[in-house]
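Chemist:
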Ligand SMILES: NC(=O)c1ccc[n+]([C@@H]2O[C@H](COP(=O)([O-])OP(=O)(O)OC[C@H]3O[C@@H](n4cnc5c(N)ncnc54)[C@H](O)[C@@H]3O)[C@@H](O)[C@H]2O)c1
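Below, the structure is given as structure tokens:
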């Protein structure tokens, strides 16, 4: 009789206790090998060897390509042992020779396929192009790393295949493993250990120990040095393994029991379905977890189907597994035979109709052996125990149903969800049924089909995790996320400020890619801009007021043959639907470029249209911060107000009716490619709008300066914008046709836009967004009204910056303190507003006093407030400022 030893740390050794046990041939009940019986000490030795090997990096530290080379050697050594493996597996497990004969070949294929995938395609390292956290700039990536010491505990039905399934992925992904085969079928796993040693896989990387499941399982699943347990077996044991592994929070993958439904639809090819039902349940004596042990048959074909299935089952030859003519061999053990007999008795008692089988089979010339006839129960009710409990033998329940829906409901009425089949001549119908079944695998017009790249695993109590395929490889890795901060100094770190009194952020990124073309009569530059962008079909977006003023036509004429249309239905303060409507037109006209002619409303709509055109879907899908990774549809902006600076900013402000507020797309990728500042486009702007939009620009400049994100570049632009607005706004108000002053206002608005897009804004904007969304106060007017009040609110936190503003406004007296100068700046803003006829109070622009508190509650969560110089976290503070502005 052959002797087998344990394989620990690269050596074949006796067990510490010296104990051995015999492995029997289930077809003859005769012993075929004597095997060293591992106990607690051996399990601990195997774990220690695996731990040491893992920690040493001798395997985990190799590149995936280097590991692949070793795994290929392993596959070659399996090939050298193929015949011995097949014959031993056949005798040890009762698998018919036709089946066991293929196992080494399939295992070699799996090793090679998955090793190549791991070496060439697996995402070991992934850069994350956008982090989703706007406050922590830097590089983000993930590494996938081996888990460590893995335990594989495998069952007796497919001992060799299961050993490949556990050894292969664990090794390929850089782990070390302790493999424990089932007590009744230990031999093939121990031969694979020989192959691993012959292949030169380093000592300790692979360990195989045979012995009693309970005793060894207790050690393997609780030992703190084990990182993962991969188990295939019954749901009952799986629960226990999960419980044991929980104490040290091991990763677990469990591939457990099943009671899968094989659904025969009324349009199935009858012969194919009968073959599928028999193969699905009698193959390997029904000892397969995902067997289709509940055959659900349409009432329309039930009688005919049952008749044929019975005949087919009775034609199956049960015989010794090494006899090449046998279709079915013995059950694996005396215990399994007893289980099958017990369930057949239960089925009869439950009232199911036994139409064939239900008895042991004697094989001529052999004394003993655990042979059992293919057994069919008809008229089974799905509530019966034989339909709910896993039998793991050649016993099938046939269940009648009336409709596809009922079949799906019966299939799903189970604690399990591992496999299943549908037989139908209509693929679409079969796929609908397959989609409805809550299970891990469905085969259509086939059964028991596995493939190296197709994941296998269970729903419900059939398991956790997946084996095979890339999904299976992932189960043998852990994800490590690495953040490399772009701001490696406490003064530049925005998040650390939550714990500090210092609000200012010193670090900044300046990313303003818009090409600005400005000057009297610069509009003709547009046709060159279109061709530079590689575009041919420009759609003009505008609003009715701007079109009426003749400005869209001006742009159309300059675009000449590149213009495919004008869409002029954009409302003031656009909402998401406005964007979707404009996008629909752009899609219809196959526009490859958007030209926005208008104020912030039009330009912001156009930015969002460019995103939906490029990225698909609706505007609502894109209300995100910093998620775009590639350029959007090209956009040329021609501002017709001198307020928003939107032509150069990274934000699109859109009202969401659902959210009840203005929401944003924020992304450098939405900045227009080109901005054309031609004063002819603002000459027609009525005085009131000239003033309110100018105050929008003024607010951008002042809030950018006082923002916690302010920086010298933005300060420079903001101060110049403040000077230019202060000087030119009165000139424009005095004479709307003063082209020079108009141009200066446009340039100032653009500079203010640049300043705030880099530095952000603050409380005034949060408050203006709110009254804009809730009470339709034009953005510029709202900004102007609240700005001086917010400056005073911030005075002790931004005195130095506000004093600079006072200088730019020409109101900083020589002997003034910074604080006094800051207060003077606020006064000067109010004076400028009065002088130019800007509305002074919220009551004048339609905000009801009783709603101020609601506005304060909305405003407090506006993202602009994050950057306000003085912290704002109490709605009462905001309410107070609203009241002052009222
Ligand atoms: N994206 C950004 O950076 C940013 C910044 C601030 C504000 N915004 C948003 O911009 C919008 C406000 O934009 P806006 O203030 O420019 O006003 P607007 O675009 O809403 O235009 C206001 C009105 O002025 C008319 N108009 C514009 N130009 C004209 C002209 N030259 N002649 C005659 N009529 C003209 C329009 O027809 C419209 O009726 C708000 O929705 C606001 O939230 C965006």
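Residue numbers (our numbering): 88 to 973. All residues carry an ideal CB built from backbone N, CA and C; glycine is no exception.
1) Closest to residue 597 by CA distance: which of 640, 755, 454 and 530 is it?
2) Return yes when the C-beta of residue 780 is under 7 Å from any heavy atom of ligand 1, and no when it is not.
3) Under the rule that 16 or more other beta-carbon atoms within 10 Å means buried, what is residue 464, buried or exposed?
4) In angstroms with no decimal places, state the Cα-to-Cα distance between residue 510 and residue 543.
5) Are the stretch 902-911 and the stretch 868-888 in contact at 8 Å, needing three or more beta carbon pairs?
6) Do three or more CB pairs link the stretch 958-970 to the stretch 810-824 at distances below 8 Å?
7) Count the CB pairs spanning the stretch 653-667 and the stretch 621-634 that are closer than 8 Å, and state whether there are at least three.
8) Tell me the DSSP bridge mates of residue 463?
9) Please go through the stretch 544-619 and give each complete beta strand (DSSP E) segment of 3 or more residues, from N-terminal end onward.
10) Considering only residues of the same chain and omitting the five flanking positions on each side of residue 169, which have a CB-CB separation below 6 Å?
11) Exposed or buried, which one is residue 924 when buried takes at least 16 other CB atoms within 10 Å?
12) Alpha carbon to alpha carbon, how far is residue 402 from residue 462? Give it in angstroms, no decimals.
13) On the three-state DSSP scale, how would you describe residue 350?
14) So residue 852 is in the alpha helix (DSSP H); what residue range does that whole segment cover?
15) Is the CB-CB distance between residue 766 and residue 675 below 8 Å?
16) In terms of residue numbering, what span does the beta strand (DSSP E) encompassing residue 680 cover?
17) With a threshold of 7 Å (Cβ to nearest heavy atom), would residue 623 be considered close to ligand 1?
18) Are at least three pairs of beta-carbons, each pair with one atom in the stretch 718-728 and one in the stretch 221-237, less than 8 Å apart?
19) Between the Cα of residue 179 and the Cα atoms of 88, 100 and 127, which residue gives the shortest distance?
20) Quick check on this structure: which residue in 272, 259, 253 and 275 has the alpha carbon closest to the alpha carbon of residue 265?
21) Are the stretch 844-852 and the stretch 911-929 touching by the rule of at least three beta carbon pairs closer than 8 Å?
22) Which parts of the stretch 212-298 are runs of the alpha helix (DSSP H), unbroken and 4 residues or longer, counting only runs that do not cross its ends?
23) State the Cα-Cα distance for the pair residue 142 and residue 238, rounded to the nearest angstrom.
24) Who are the near neighbours of residue 580 in its chain, counting only those whose CB is closer than 6 Å to its CB and skipping five residues on each side?
25) Would you grab the beta carbon distance between residue 423 and residue 182 for me? Rounded to a whole angstrom, and I think it's under 8 Å.
26) Just list the alpha helix (DSSP H) runs in the stretch 373-427, keeping only unbroken ones of 4 residues or longer that don't cross its boundaries, in chain order.
27) Runs of 3 residues minimum, wholly inside the stretch 688-762: which ones carry the beta strand (DSSP E) assignment?
28) Could you pull out every unbroken beta strand (DSSP E) segment of at least 3 residues lying fully inside the stretch 757-834, listed in chain order?
29) DSSP on residue 146, reduced to helix/strand/coil?
30) Near residue 157, what residues of its chain come up, given a Cβ to Cβ distance below 7 Å and the 5 sequence neighbours on each side ignored?
31) On the criterion of 16 or more Cβ atoms from any shown chain inside 10 Å, does residue 90 qualify as buried, or is it exposed?
32) At which residue ranges does the stretch 124-183 contain complete alpha helix (DSSP H) runs of 4 or more residues, listed in the order of the chain?
33) Using 8 Å for Cβ pairs, my map puts residue 860 next to residue 742. What's the rounded Cβ distance?
34) Does DSSP put residue 929 in a helix, in a strand, or in coil?
35) So what does DSSP say about residue 118, is it helix, strand or coil?
36) Can you tell me whether residue 847 is helix, strand or coil according to DSSP?
Modeler: This is what the structure gives:
1) 755
2) yes
3) buried
4) 20 Å
5) yes
6) no
7) yes
8) 443 and 483
9) 564-572 and 602-605
10) 191
11) exposed
12) 12 Å
13) strand
14) 850-862
15) no
16) 680-685
17) no
18) no
19) 88
20) 253
21) no
22) 246-259 and 274-285
23) 16 Å
24) 574
25) Contact doesn't hold; Cβ gap of about 14 Å is too wide.
26) 389-401
27) 722-726, 738-743 and 748-753
28) 761-764
29) coil
30) 286, 287 and 288
31) exposed
32) 127-143, 151-167 and 169-180
33) 6 Å
34) helix
35) strand
36) coil
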